[in-house]
Amino acid sequence: MCRQRDSIAVSGKGSKMPERKRVPYYSHVVDALAEKINTGEFLPGTRIPSIRELSQTFSVAKSTIERALYRLVDRGVLRAEQGRGIFVASSLPMRTDGQTHVIGFLAPLHAQTYVERGFYADVLSGIQRSLSEGDRNLLVINERGLGRADSSVNLHEELVDGYLVIGPVGNKFIKLVKQVGRPLVFVDHDASGLGHDSVIADNIKGSLLVTKHLLDLGHRDIVFLGGHLLSEPDPDDRHYIDTSARERFSGFRIALETAGISLDERVHLVRVEERVAEEAYKALKARISGGHRPSGVVCFGPGDAVGAIKLFEEMGLHVPRDVSVTGFGGGMAINGRKLTGADFDARMMGEIAGQLVIQRVERGYDAFRAEVVPVRFVDGDTAAPPKK
Numbered sequence: 117m118c119r120q121r122d123s124i125a126v127s128g129k130g131s132k133m134p135e136r137k138r139v140p141y142y143s144h145v146v147d148a149l150a151e152k153i154n155t156g157e158f159l160p161g162t163r164i165p166s167i168r169e170l171s172q173t174f175s176v177a178k179s180t181i182e183r184a185l186y187r188l189v190d191r192g193v194l195r196a197e198q199g200r201g202i203f204v205a206s207s208l209p210m211r212t213d214g215q216t217h218v219i220g221f222l223a224p225l226h227a228q229t230y231v232e233r234g235f236y237a238d239v240l241s242g243i244q245r246s247l248s249e250g251d252r253n254l255l256v257i258n259e260r261g262l263g264r265a266d267s268s269v270n271l272h273e274e275l276v277d278g279y280l281v282i283g284p285v286g287n288k289f290i291k292l293v294k295q296v297g298r299p300l301v302f303v304d305h306d307a308s309g310l311g312h313d314s315v316i317a318d319n320i321k322g323s324l325l326v327t328k329h330l331l332d333l334g335h336r337d338i339v340f341l342g343g344h345l346l347s348e349p350d351p352d353d354r355h356y357i358d359t360s361a362r363e364r365f366s367g368f369r370i371a372l373e374t375a376g377i378s379l380d381e382r383v384h385l386v387r388v389e390e391r392v393a394e395e396a397y398k399a400l401k402a403r404i405s406g407g408h409r410p411s412g413v414v415c416f417g418p419g420d421a422v423g424a425i426k427l428f429e430e431m432g433l434h435v436p437r438d439v440s441v442t443g444f445g446g447g448m449a450i451n452g453r454k455l456t457g458a459d460f461d462a463r464m465m466g467e468i469a470g471q472l473v474i475q476r477v478e479r480g481y482d483a484f485r486a487e488v489v490p491v492r493f494v495d496g497d498t499a500a501p502p503k504k
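Everything in the sequence shown is counted per my numbering, starting at 117 for the first residue and increasing by one.
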């Protein structure tokens, strides 16, 4: 039986792990010190501040600092030198099995913005549970340009046994990871066709259910809000394919065509460049300024719904009396309303992803898998029959 231990939550610039409840104070200090090490504030081989200084920095008792330092020394992250102090180790130690027992989690910075923080935190919670059960630690790497194929990403390959990636990335990035030679599992992005394991939601079914709900209410003038580059990437691979957006748009298309409505992307699709509320707000505003205000909106994700509702409220329109807003993130509270839409268990998504990457690292297997997390429809209060 593997010895279960706390996950060291470490991250890149500007990252912050989701707040955890009922965790001992020393564990928070462990996380904070590990983050300082991996962001370069405490460099390998250098002496860290004294126990007294750290006690003042974190406003905790010296005994709490001592316990945190002991934990990091025990893990080989720090080393104690008698009479000299405590130093950062030159590198993470290898186990007898030749592994570091650390999994890297690569996330673009937008994953933590607005309501996406709920999804991001839930996925991380599930990942941490699987990794903890598998005696693995987690290295969180947030990169501003991760979603762009030409980004320069510090993979910390000397520290990790494998990677988890949330959301879409460019093919050049995938090639970069292949050169490193570490297992790679995608979360919320189907990369099984590229030779990688993936954990995705049942996007087509979810979007179909949401769109059908609007159609059943009597809506016919409906747009899909969200989705970056639903087509193939350009030859230079400057962009990426967002498979989740493409699948959700497919569900939207199927529902419309089943209802006898011919889909025209110029009319029914409002493209959003990034998965953030501001971009959805601007894209929808531009469409409405051009003279087309739909009666219903199907949003790619909760960030898009936040942007749409904000815009309609600024226009003096009531949701859902004047316009209906739906999408993925069903049940989430937005400005006192419960979003009507599709929902899935993000923690389950994270748990499955964590299990997959451990299996790849420890055993490997021939067939690459795309695990699908089921969705459910949530009847909130942001959709109503179209105004007569």
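C-beta atoms are modelled at their ideal positions from N, C-alpha and C, and glycine is treated no differently.
- According to the DSSP assignment, E487 belongs to the beta strand (DSSP E) that extends over A486 to V489.
- With fewer than 16 neighbouring CB atoms inside 10 Å of its own CB, N451 falls in the exposed class.
- Sequence-distant partners of S440 (beyond 5 residues in either direction) whose C-beta falls short of 8 Å from its own C-beta, in its chain, are L330, L333, H335, S411, G412, V413, T456, T498, A499, A500 and P502.
- In the structure shown, D459 adopts extended strand secondary structure according to DSSP, grouped into three states.
- Taking a cut-off of 8 Å for Cβ pairs, the region 364-378 and the region 394-403 do not touch, as fewer than three such pairs fall below it.
- For a cut-off of 8 Å, the C-beta gap from A458 to G466 is around 18 Å, too long to register as a contact.
- Across the set R437, G367, F340 and L372, the C-alpha of F340 shows the shortest separation from the C-alpha of A396.
- The alpha-carbon separation between N253 and G419 amounts to approximately 30 Å.
- Judged by beta-carbon spacing, A393 lies beyond the 7 Å limit of G432, meaning their Cβ atoms are not closer than that value.
- A direct Cα-Cα distance of roughly 15 Å separates A399 from I338.
- The beta carbons of R191 and D313 sit no closer together than 7 Å.
- Rounded to whole angstroms, the gap between the alpha carbons of N319 and V488 is 9 Å.
- Between A184 and V146, the C-beta spacing is below 7 Å.
- Fully contained in the region 356-422 are the following beta strand (DSSP E) runs of length 3 or more, in chain order: 412-415.
- Membership of V189 in the alpha helix (DSSP H) is indicated by the continuous run K178 to D190.
- Secondary-structure assignment with DSSP links N253 through a beta bridge to V218.
- Rounded to the nearest angstrom, the Cβ distance from S323 to R364 is 4 Å, consistent with a contact under 8 Å.
- Close CB contacts of R245 within its chain, under the 8 Å cut and outside five residues either way in sequence, are with R463, G466, E467 and G470 (chain order).
- The continuous beta strand (DSSP E) containing V204 extends over residues G201 to V204.
- Each of G250, P299, I202 and E169 was checked against the Cα of P160, and the nearest Cα belongs to I202.
- Bounds of the alpha helix (DSSP H) holding S171 are I167 to F174.
- Remark: C-beta atoms of V303 and V239 approach each other more closely than 7 Å.
- Note: G278 is bridge-paired with I219 in the DSSP secondary-structure output.
- G309 carries a helical assignment under DSSP once its states are collapsed to helix, strand and coil.
- Of the residues assessed, D306 falls on the buried side of the cut-off, its CB having 16 or more other CB atoms within 10 angstroms.
- For I474, the closest of G278, R187 and Y236 by C-alpha to C-alpha distance is G278.
- Contact check for P299 against V477 passes: the beta carbons are separated by less than 7 Å.
- Comparing alpha-carbon positions, the option among E389, R409, V276 and F416 lying closest to G367 turns out to be F416.
- Of all alpha-carbon atoms in V204, G283, I282 and T374, the one lying nearest the alpha-carbon of L188 is that of V204.
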